[in-house]
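First up is the structure itself, then whatever we jot down about it.
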Amino acid sequence: MGGRPSASCNSGKRRALRRHHRPSPLGVLRPYGLGAGCITKHHVHHYRGFAHTQWELFHKERPRRVKPLLYVYRVLLTGIHLMRTGRIEANLRVLNEEHRLAYVPDLLHRKVSTKEKAALDDADLGLHESEFNRLLAVLEAESERSSLPEEARTRQELEQAVIAARLAHLRE
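Here the numbering used here = 1-based position in the sequence shown + 20.
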């Protein structure tokens, strides 16, 4: 029974391959501008929770590495930036231009120069723990004074785009 597969087997594989590589119905959700209208003050909950999770992961690690600590700072500074501006900026170098945290350039250099394996001295842990708590407080304060809306402004438009995407997918 070896040899060439039957024609029906090949056609089934071709159909599966076409289905697998067909553009996602979400591809029609490209109406730019909807995403920005979905950003609300409530995004602070995501950044606070994510920062706590990243801190716990960093804290449990032995030896403690620089890279997970940088994740903590990136999450906190991204959240602060979002609350202040309504825009997401996740590049830690760019974020630090505004915040000027003296230890960030050194941590970034250590991460890059050691192929992301740099360990953190336990003596530095106190500084980073106090900075974690300070930046959490800044995040909270920025969310309270943020001009971001309580609810998404583009909710109806987003719902219509999702419906259009589903209908387009059904027509295929």
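We put the beta carbon where it would ideally sit given N, CA and C, even for glycine. Fair warning: this is a prediction, and the values are worked out from it, not measured in the lab.
Inset, instruction - Please report how far the alpha carbon of G57 lies from the alpha carbon of Y93, in whole angstroms. - result: Locating residue 57 in the sequence shown gives position 37, where the first residue counts as 1. Locating residue 93 in the sequence shown gives position 73, where the first residue counts as 1. Approximately 26 Å between the Cα atoms of the pair.
Inset, instruction - Sort T60, H62, G99 by Cα distance to A71 and report the nearest one. - result: The residue you call residue 71 lines up with position 51 of the sequence shown. Here the closest residue by C-alpha is G99.
Inset, instruction - Would you list, in sequence order, the uninterrupted alpha helix (DSSP H) runs of no fewer than 4 residues that lie entirely inside the stretch 75-114? - result: 86-105
Legend entry - Residue environment, N116, which counts as buried when at least 16 other CB atoms sit within 10 Å: Here residue 116 corresponds to residue number 96 of the sequence shown, with the count starting at 1. So N116 ends up on the buried side.
Legend entry - K80 to E151 span [Cα, whole Å]: Within the sequence shown, residue 80 is the residue found at index 60, counting from 1. Within the sequence shown, residue 151 is the residue found at index 131, counting from 1. Spanning the two alpha carbons is a distance of roughly 18 Å.
Inset, instruction - Name the residue from R173, P169, V182, D126 whose alpha carbon lies nearest to the alpha carbon of R104. - result: Stepping through the sequence shown from its first residue, residue 104 is reached at position 84. Ranking the options by Cα distance to R104, first place goes to P169.
Legend entry - Residues of its chain near Y108, where Cβ-Cβ distance is below 6 Å and the 5 sequence neighbours each way are ignored: Taking the first residue of the sequence shown as 1, we reach residue 108 at position 88. The sequence shown places Ile at residue 108, rather than the Tyr named in the question. The answer, listed in chain order, is L102.
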